[in-house]
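Down below is the structure, laid out as structure tokens.
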Amino acid sequence: MPRTAGPDRAAPLVQAAATRFLTAEPGVVSRIEGAEEARALEGVVDLDLSVRAGSEVAALRSSWDRIGQVIAVGADADGALATCDEVCARTVVVTGDAPGDDASGAGR
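The sequence shown begins at 1 in the numbering used here and counts up one residue at a time.
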């Protein structure tokens, strides 16, 4: 059986990609700061937030409790991870008292 041409396994690395997940303190989201600026950073492919002002954030117990994800690319893995970390640092989800709760906090 003749072999067909496959991918060039010696192709040089062009870019690396990384992802990080965002979390926040439990409570009701009062505001989200820095997301638009974070989206504009070089290397950011996507910043997806599943909450907005008024959303309730549950305590982090499983992957379903994450509030967002960032995907970034860079010249290497360290660069892509650094961009993800910068996005997470700039994106601040501020939460307040949940109904029936008297605690509040700010999360990232």
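A virtual CB, placed ideally from N, CA and C, is assigned to each residue, including glycine.
Between the CA atoms of residue j and residue i - distance to the nearest angstrom
{"i": "Gly-34", "j": "Arg-61", "result": "25 Å"}
{"i": "Gly-105", "j": "Gly-74", "result": "Unreliable positioning characterises Gly-105 in this predicted model, as indicated by a pLDDT of 48, which lies under 50. The coordinate reading is nonetheless provided below. Roughly 33 Å separates the two Cα atoms."}
{"i": "Val-92", "j": "Glu-37", "result": "11 Å"}
{"i": "Glu-152", "j": "Val-14", "result": "Beyond the ends of the chain as shown, which are 1 and 108, falls residue 152; an answer cannot be given."}
{"i": "Ala-89", "j": "Gly-96", "result": "19 Å"}
{"i": "Asp-85", "j": "Arg-20", "result": "7 Å"}
{"i": "Val-28", "j": "Val-94", "result": "8 Å"}
{"i": "Ala-18", "j": "Ala-59", "result": "25 Å"}
{"i": "Ser-63", "j": "Glu-56", "result": "16 Å"}
DSSP beta-bridge partners of residue i
{"i": "Thr-19", "result": "Ile-71"}
{"i": "Gly-27", "result": "Val-57"}
Residue nearest to residue i in terms of C-alpha spacing, selected from the options
{"i": "Thr-23", "options": "Thr-83, Val-70 and Asp-97", "result": "Val-70"}
{"i": "Asp-48", "options": "Ala-72, Asp-78 and Val-14", "result": "Ala-72"}
{"i": "Ser-41", "options": "Gly-96, Thr-83, Arg-66 and Arg-52", "result": "The question names Ser, yet the displayed sequence has Leu at residue 41. Here the closest residue by C-alpha is Thr-83."}
{"i": "Arg-52", "options": "Ile-32, Ala-16 and Ala-77", "result": "Ile-32"}
{"i": "Ala-16", "options": "Leu-81, Ala-77 and Val-87", "result": "Ala-77"}
Coarse secondary structure for residue i, derived from DSSP in three states
{"i": "Val-14", "result": "coil"}
{"i": "Ser-55", "result": "coil"}
{"i": "Thr-91", "result": "coil"}
{"i": "Gly-79", "result": "helix"}
{"i": "Glu-33", "result": "strand"}
{"i": "Asp-97", "result": "coil"}
{"i": "Arg-9", "result": "coil"}
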